[in-house]
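Visitor: Residue numbers (our numbering): 1 to 135.
Glycine residues also receive a C-beta, built at the ideal position from the N, C-alpha and C atoms.
(1) Please classify residue 87 as buried or exposed, where buried requires at least 16 other C-beta atoms within 10 Å of its C-beta.
(2) Where does residue 81 land, buried or exposed, given buried means 16+ other C-beta within 10 angstroms?
(3) Can you tell me which residues form a DSSP beta bridge with residue 90?
(4) Could you please give the first and the last residue of the uninterrupted beta strand (DSSP E) stretch that includes residue 83?
(5) Which word fits residue 91, buried or exposed, when buried means at least 16 other C-beta atoms lie within 10 angstroms of its C-beta?
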């Protein structure tokens, strides 16, 4: 599997999503300074620690900010499951211990309850399945 690295788009998305919380912390610290004698260096140090924390965590969480991440799709494609209700064209299937909404792909025949299915793809949170004819 080809390893995809960080892109500027993902870094920007991560940074932009950190800004609201960082801004909230700054506002709270400035307001708190009115009632508690907080030195400016202390406020700056806390904000710096917050930014350092975000930088330190980025290598571990960046894939969650990548909208083109193939992580879920690659794990589910080819997975086998069982239809827990009739799929014509939509219904629910069970894959492992999880229940998923599924849709029959293409011009495939309706899938009956209890028949085995194979995942062909994923669209949002809906699995695209076909009747599993290999078993």
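Guide: A quick look at the data gives this:
(1) buried
(2) buried
(3) 103
(4) 80–83
(5) buried
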